[in-house]
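Note sheet for the following structure.
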Amino acid sequence: MSILGSSFALLAMVGLALALTLAALLARRRDLHASAKGLAERKKAQERGTARARLQYPSIDLARCVGCGSCVAACPEDGVLELIHGQAAVVHGARCVGHGRCAAECPVGAIALTFADLHERSDIPVLNSNLEAVGSPGLFLAGEVTGYALVRTAISHGIAVAGEVALRIKETPTTRREGVIDLCIVGAGPAGIACALEAKSRGLNYHVLEQEVLGGTVAKYPRRKLVMTQPVSLPLYGQLKNTTYSKEELMVLWTNIANTHKLSISTGEELESVERHADGYFVVRTQRGVVRANHVCLALGRRGTPRKLGVVGEELPKVSYSLLDANSYQNRHVLVVGGGDTAVEAALALSEQDGNTVTLSYRKPEFTRLRARNEVRMLEAQQSGRIRVLFESEVVQIGSDHVEMISGPEKSRSVMSLKNDEVFILAGGTLPFEKLKNAGVSFDANLRAQSAPIAERTAGLLPSVIVAFLLFLSAVAWVAYHWDYYSLDPLSRTESPLHGRLRPSGAAGLAFGIGAVALILANLAYLIRRSRWLSVTFGSLQAWMTSHVVTGVVALLLAVLHGAFAPRSTVGGHALIAMAVIIVTGAIGRYFYAYVPRATNGRELALEEIRTNMAGLSAEWDSRFPGFGERVQNQIQTLVDSGHWQGSFARRAVALVGSQGQLKKALGKLRVEGRREGIPENQLNELAELARRAHRAAFMAAHYEELRALLATWRYLHRWIALLLILMVGLHIYTALRFGSLISAGGGH
Ligand SMILES: Cc1cc2nc3c(=O)[nH]c(=O)nc-3n(C[C@H](O)[C@H](O)[C@H](O)COP(=O)(O)OP(=O)(O)OC[C@H]3O[C@@H](n4cnc5c(N)ncnc54)[C@H](O)[C@@H]3O)c2cc1C
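Residues in the sequence shown are numbered from 104 upward in steps of one, following my numbering.
Structure, rendered in structure tokens:
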């Protein structure tokens, strides 16, 4: 009996097809909704200026991205990445602080961390790849002073600098001289501590200068603040295994490490200047004296001096530049100044204490660089009245029991006086540019090396294909060797002396079957790793993806050998078909699907370009005919948006037909209005052309989506059929164990 010959099998397949179609449609609806949300968020990011990365950001190779969402889930910051059109896209690039989890977790190696255009940044020091100031050999920078945030990065910088110094001293030991130490480290934050530990472990003669206390910025975090980091190794200590530490835990850790290893640190000693002596070494001056060193590592962080307001009353004792413990402030009238995460978190913590009245003053009209979580919490606090936010406001004077402020847009500023007991100025810090420049650090963007282009990487396919091909050749050799048996008609095989061994329940056949099942189970381990169930993060996802491909292909090969090339209309035979479908859909998803959305995204870009042209034209009108340009833009935009992201194909099709008429009507009306306003005819024609193009591009983008959607079904087919396969394999094993002996007695499976 052929597999498809059975009417039961046909019925089951129709049912299955319907179920899968339904699942795919529902999932498609969800994807469309997510895409529309992602696009709206991207638009918001562009308007707020958070779309552009400040330093590092993930660069996504759309020809490889399979849209699995691992990067979105792995990123500890909110909103940096979203899935748009079924693929990863950078939304709030400015929120990227360089964790690099996205690149590490991408199973197909489609993400690389790259650098934003630094040409406009005059606050990033110019360093070579050894973190050495360009033009000042022997002067190194480490940690956040380089522009890169994160405890882990600071630690890796500190280690790298001490390692480099140790290497140079090993290569030219003659540079060592009496009274001059190998390395002077300035700053005892994570970078400085790691640098000192590495220096000690390498036998360097080093000393650390710290203006305040050990711990750096961490010491300034609010009480019990959770610090997120990734596992990182500290010299002489070992692995910091946790991904989250409380501020107090980290402070205890730094102190214990410094005591245990008797690190040479002097606290309360502020760097004043770094000069180079005629003999080539550095003279590091502090208010207490001078340190001579062959190399200097400036690990000053970026919050050296808190930014001040420069207003009358700022010297009052009630003014602070950090909040260590919100619990100590109750029943107080508090003003927090600043619009970053530190200010917002402080305002939120203070608003949670009994009896506090909290006002937050920010000079900009809205928050633009907050973590999404803080933005949501802040909005809730504002809406519930726990915090009053004064945007576009400035403190003009601080009195003993009040503060004087001006607030509101430039043209209509109002003066107000607020009752006040405490002021927290959390408006960031100023980098000691002068000190750094005098020491020989350059900030000249023109000296900065061009960031290396992202290297084109291979698809990671080669190892899997080689392994699979070798196994395929082995299978071919096996078949050739037993050709006498496999070439027989299935009914005549029982006569062959090889039947006992090669039939599915024979010694070799069974071994193939067991091997196939083992590989299917191994194949599923990829899903466990990807979804991080059981917090399994062993090995890179890319290696797991390669093993997923290899085990899948080889499992099919073994299953075919198990079935002795004559699958029957049994649950085992159907499982074999399911396996083949899974492999085909997997191949579409992994190697073909990604090429389609590139074009879709291209259409989105074209649409954006048209929108920019329209905005330019309308801005031109606005200067001469106030309000008209904006009105035109809004009307066209509304028309383009309606129907663009409709949930179903039918609704989009109806919207397409209907909107043509609406567009014509709207353009006619605008033309009449434009003539009335005195807009030249050629400009009205240009408007009509742009509007039509915008409209067309929007609908093309939306309908092009259908093709992608069709191909996107690979994912659902792949997943759901895989689930079905597991059930079928389970059933197959059960029936084989339960009835195997009866069937084999009858000469079958
Ligand atoms: C509110 C907040 C939350 C954060 N949360 C996290 C987080 O969850 N995870 C994470 O990985 N990162 C976080 N960060 C960032 C992280 O704290 C920094 O990236 C890290 O501390 C940088 O280490 P560093 O050693 O380079 O500088 P710092 O820690 O800033 O240390 C610099 C040291 O240099 C000293 N110094 C400065 N000038 C002089 C001078 N003239 N003379 C002598 N000494 C001087 C300072 O006193 C300070 O001790 C957060 C930062 C802030 C502000």
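Using N, Cα and C, we set each Cβ at its ideal position, and we do this for glycine too. As the structure is a prediction and not an experimental result, all values here were calculated from the model.
key: Beta-bridge pairing of proline 409 - partner residues as DSSP gives them   = According to DSSP, proline 409 bridges with Gly532.
message = Report the CB separation of alanine 154 from histidine 202 in whole angstroms; it is logged as a contact under 8 Å.
response = The Cβ separation is near 19 Å, so there is no contact.
Pairwise C-alpha distance: lysine 303 and leucine 366 = The alpha-carbon separation between leucine 366 and lysine 303 amounts to approximately 8 Å.
Delimiting residues of the beta strand (DSSP E) encompassing glutamine 159 = 159-163
request  = Look at the alpha carbon of serine 232 and the alpha carbon of lysine 540, and state the distance between them as a whole number of angstroms.
outcome  = C-alpha separation (whole angstroms): 19 Å.
Coarse secondary structure for alanine 361, derived from DSSP in three states = helix
key: DSSP bridge partner residues for isoleucine 284 (one or two, in chain order)   = Ala396
key: Backbone CA spacing between serine 349 and glutamine 740 [nearest angstrom]   = The straight-line gap from Cα to Cα measures roughly 48 Å.
ask   = Are the stretch 522-533 and the stretch 418-438 in contact at 8 Å, needing three or more beta carbon pairs?
value = yes
query = When the distance is taken between beta carbons, is threonine 363 closer than 8 Å to leucine 317?
reply = Contact: no.
Close beta carbons around leucine 591, own chain, < 7 Å, minus the five adjacent residues each side = Contacts found: Ser599.
key: Which of helix, strand or coil DSSP assigns to valine 461   = strand
Backbone CA spacing between arginine 305 and proline 161 [nearest angstrom] = When only Cα atoms are considered, arginine 305 and proline 161 end up about 35 Å apart.
task = Take the Cβ of tyrosine 584 as the centre, count every other Cβ of all protein chains shown within 10 Å, and call the residue buried at 16 or more, exposed below.
result = exposed
task = Express the C-alpha separation of isoleucine 829 and glycine 141 in angstroms, rounding to a whole number.
result = Glycine 141 and isoleucine 829: Cα-Cα distance of roughly 34 Å.
query = For the candidate residues Asp285, Val653 and Leu661, whose alpha-carbon lies nearest to that of alanine 690?
reply = Val653
query = glutamine 390 bridges to which residues according to DSSP?
reply = BP columns for glutamine 390 are empty, so no partner.
task = Decide if the stretch 497-504 is in contact with the stretch 470-487; the criterion is three or more beta carbon pairs, one per stretch, under 8 Å apart.
result = no
request  = With hydrogens ignored, establish whether the beta-carbon of tyrosine 324 is closer than 7 Å to any heavy atom of ligand 1.
outcome  = yes
message = Rounded to whole angstroms, what is the Cα-Cα separation between alanine 215 and isoleucine 368?
response = 38 Å
request  = Report, in whole angstroms, the separation of the C-beta atoms of leucine 661 and glycine 618, which I expect to be a contact under 8 Å.
outcome  = Rounded to the nearest angstrom, the Cβ distance from leucine 661 to glycine 618 is 5 Å, consistent with a contact under 8 Å.
Rounded separation between glycine 371 and phenylalanine 536 - CA only = 21 Å
Lysine 273 - containing alpha helix (DSSP H), residue span = Boundaries of the alpha helix (DSSP H) harbouring lysine 273: 254-274, taken from the DSSP string.
message = Taking the beta carbon of serine 513 as the centre, do at least 16 other beta carbons fall within 10 Å, making it buried, or is it exposed?
response = Checking the sequence, you will find glutamate at residue 513 rather than serine. Exposed, by the Cβ-count rule.
query = For threonine 460 versus valine 437, is the C-beta spacing smaller than 8 Å?
reply = yes
task = Give a yes or no on contact between the stretch 285-297 and the stretch 309-316, applying the rule of three or more CB pairs nearer than 8 Å.
result = Judged by Cβ distances under 8 Å, the stretch 285-297 makes contact with the stretch 309-316, as three or more pairs qualify.
request  = Could you tell me which of Gly319, Arg466, Phe575 and Leu244 sits nearest to valine 377, measuring between CA atoms?
outcome  = Leu244
ask   = Is the distance from the Cβ of valine 657 to the Cβ of leucine 622 below 8 Å?
value = yes
ask   = Hey, is leucine 820 close to ligand 1, as in C-beta under 7 Å from one of its heavy atoms?
value = No, since every heavy atom of ligand 1 falls outside the 7 Å radius drawn around the Cβ of leucine 820.
request  = Determine the DSSP secondary structure at tyrosine 309, reduced to helix, strand or coil.
outcome  = strand
inquiry  = Going by beta-carbon coordinates alone, are leucine 343 and valine 544 separated by less than 8 Å?
reply    = no
ask   = Would the C-beta of methionine 876 count as close to ligand 1, meaning under 7 Å from any of its heavy atoms?
value = Any property of residue 876 remains undetermined from this structure, which presents the chain solely from 104 to 852.
query = Over what stretch of residues does the alpha helix (DSSP H) that includes arginine 632 continue unbroken?
reply = 610-634
request  = Please report the residue range of the alpha helix (DSSP H) in which glycine 675 lies.
outcome  = Segment 674-690, the alpha helix (DSSP H) holding glycine 675.
key: CB-CB length for alanine 396 against leucine 286, believed under 8 Å   = 6 Å
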